Structure formats: structure tokens, C-alpha cells
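Numbering (our numbering), first residue to last: 147 to 384. C-beta atoms are modelled at their ideal positions from N, C-alpha and C, and glycine is treated no differently. Being a predicted model, the structure only gives us computed values, none of them experimental.
Here is the structure:
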């Protein structure tokens with residue numbers, strides 16, 4: 147009878163352990179899906195804002211061209227053109243701020259899901275070898291999750307991003323606005339063009355530097371729970 151009681155106790159303990167494990171997996175899966183949904187929503191929202199901004203820029207430039215033809219680039223054309231370019235500059239700045247914020251949020255979601263993936267690996271270590279995305283929640287882990295199959299350098303990642311597109315368009319619009327303003331105030335055309343180009347390049351450079359500063363700040367203040375042991379072996383193959 148004692149043996150039976152011990153057996154019942156062992157079975158009960160195993161059942162309790164299985165129930166606790168099931169609850170843990172359910173909690174992790176719920177959090178994982180919540181992060182996926184939040185990431186998808188943020189990406190969809192920022193892409194919509196970029197589309198709206200590019201549409202406004204296109205429509206604004208067409209409007210400036212039509213106004214120039216209608217007024218023969220005289221009369222109230224300079225004021226109207228500057229008003230349109232100023233409006234586009236403000237909208238572009240607000241859009242770029244949101245793009246940078248969502249880029250940081252996307253990294254945040256990737257790191258959070260990496261941490262959950264690491265919890266899955268703790269629950270079942272044999273499953274870790276099947277993950278292409280990283281179970282590590284550090285900088286290297288985020289880089290692996292963004293590029294499973296090969297190493298992708300930071301320059302390639304940045305230059306192909308929506309943020310760089312927004313920065314370039316903002317720099318162009320801002321440069322045209324400042325150059326047009328200088329011309330309207332009586333500055334010689336050549337000098338106004340030079341000022342506009344310099345301002346546009348300054349906007350691009352400052353935005354890129356600020357974006358890099360935000361990215362570096364993340365990794366200097368954040369402390370990972372599960373650091374990477376090293377890069378994936380296939381990253382070193384050529």
C-alpha cells in the first residue's frame with residue numbers, strides 16, 4: 147500500500163509539473179503573438195504614413211509646376227511655392243520622426259521575441275537547433291533574426307531601409323525650401339542653389355547621425371538576458 151501511495155504521489159507530481167509547463171508555454175505563446183501583432187500594426191502604420199507623405203510631395207511638386215505655368219513664375223508664385231514646400235517640410239519632419247520611432251520599436255519587438263524564443267529553447271533544448279531566428283536577445287541575436295541565411299552588414303541594412311528613403315526625400319524638400327526662400331529674398335540664383343544643396347545635405351547627415359545615435363544608445367543602456375555565444379557557423383562560409 148505504501149508503494150501504491152508513493153506511485154500516486156509521483157503521478158500527481160508529474161501531472162502538476164506538466165500542468166505548470168503547459169501554463170508556461172501558453173503564457174509565452176500569448177506574449178509572442180501579442181508582439182507579432184504589435185509589430186505588424188506598427189509596420190503597417192508607418193508604411194501608410196510614408197505613402198501619404200510621398201503622395202503629398204508628388205502632388206505638391208505637380209501643383210508648383212502648374213502654378214508656375216499659370217502665373218508665368220511671377221506675381222504670387224514664390225509665396226505659394228514656399229508655402230507648399232514649407233508645409234511638405236513640416237509633414238516630412240513629423241513623418242521622419244515616426245519612421246525613426248517605429249524602427250526602434252521594430253528592434254524592440256525583435257529583441258522581445260528573441261527572448262521568448264530563448265524561453266522556448268529552455269523548455270525544450272532539442273528544439274533550439276530548428277530555430278533560424280535567434281533565441282538570444284542581444285545585438286548579435288537581433289542581427290541574426292533580421293538576416294537568417296547570411297551576414298548582412300549594417301551599411302546594407304541601413305541604405306535599403308525606409309528610413310533612408312524618408313531622410314533623402316526630407317533633405318531634398320528642405321533644401322528646395324531654403325534655396326527658394328533665399329532666392330525670394332534676393333539672393334543670386336547660383337548662391338541660392340548652393341545654399342539649398344548644403345542645407346539638404348546637412349539635413350541628411352544630421353538625420354543619419356541621429357538615427358545611428360539612437361541605435362547605439364539602445365545597446366549601451368539595454369542588458370540582454372540571454373547573450374549570444376557567437377555568430378552562426380554558416381555566416382563565416384563563403
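Of the residues the options, which one's Cα is nearest the Cα of residue i?
{"i": "residue 177", "options": "257, 243, 189", "result": "257"}
{"i": "residue 288", "options": "347, 368, 191", "result": "368"}
{"i": "residue 277", "options": "263, 338, 305, 292", "result": "263"}
{"i": "residue 373", "options": "265, 207, 214", "result": "265"}
{"i": "residue 209", "options": "197, 199, 227, 200", "result": "227"}
{"i": "residue 200", "options": "340, 354, 309", "result": "309"}
{"i": "residue 185", "options": "253, 284, 371, 272", "result": "253"}
{"i": "residue 376", "options": "179, 283, 273, 233", "result": "283"}
{"i": "residue 260", "options": "271, 249, 281", "result": "281"}
{"i": "residue 249", "options": "296, 196, 224", "result": "196"}
{"i": "residue 234", "options": "279, 299, 317", "result": "317"}
{"i": "residue 351", "options": "275, 328, 315, 330", "result": "315"}
{"i": "residue 225", "options": "339, 331, 358", "result": "331"}
{"i": "residue 320", "options": "239, 180, 298, 359", "result": "239"}
Would DSSP call residue i helix, strand or coil?
{"i": "residue 355", "result": "helix"}
{"i": "residue 323", "result": "helix"}
{"i": "residue 378", "result": "coil"}
{"i": "residue 332", "result": "coil"}
{"i": "residue 318", "result": "helix"}
{"i": "residue 199", "result": "helix"}
{"i": "residue 368", "result": "coil"}
{"i": "residue 167", "result": "helix"}
{"i": "residue 297", "result": "coil"}
{"i": "residue 220", "result": "coil"}
Can you determine whether any heavy atom of the ligand GDP sits closer than 7 Å to the C-beta of residue i, and answer yes or no?
{"i": "residue 184", "result": "What this structure holds is no ligand at all, so the ligand GDP is not there to describe."}
State buried or exposed for residue i, treating a residue as buried only when at least 16 other CB atoms are found within 10 Å of its CB.
{"i": "residue 323", "result": "buried"}
{"i": "residue 243", "result": "exposed"}
{"i": "residue 148", "result": "Any reading at residue 148 must be qualified, since the residue scores a pLDDT of 46, below 50, and its modelled position is unreliable; no value is offered."}
{"i": "residue 379", "result": "exposed"}
{"i": "residue 221", "result": "exposed"}
{"i": "residue 312", "result": "buried"}
{"i": "residue 305", "result": "exposed"}
{"i": "residue 269", "result": "exposed"}
{"i": "residue 349", "result": "buried"}
Specify, as a first and last residue, the run of the alpha helix (DSSP H) that residue i falls within.
{"i": "residue 279", "result": "Per DSSP, residue 279 belongs to no alpha helix (DSSP H) and is neither H nor E."}
{"i": "residue 235", "result": "223-269"}
{"i": "residue 300", "result": "300-305"}
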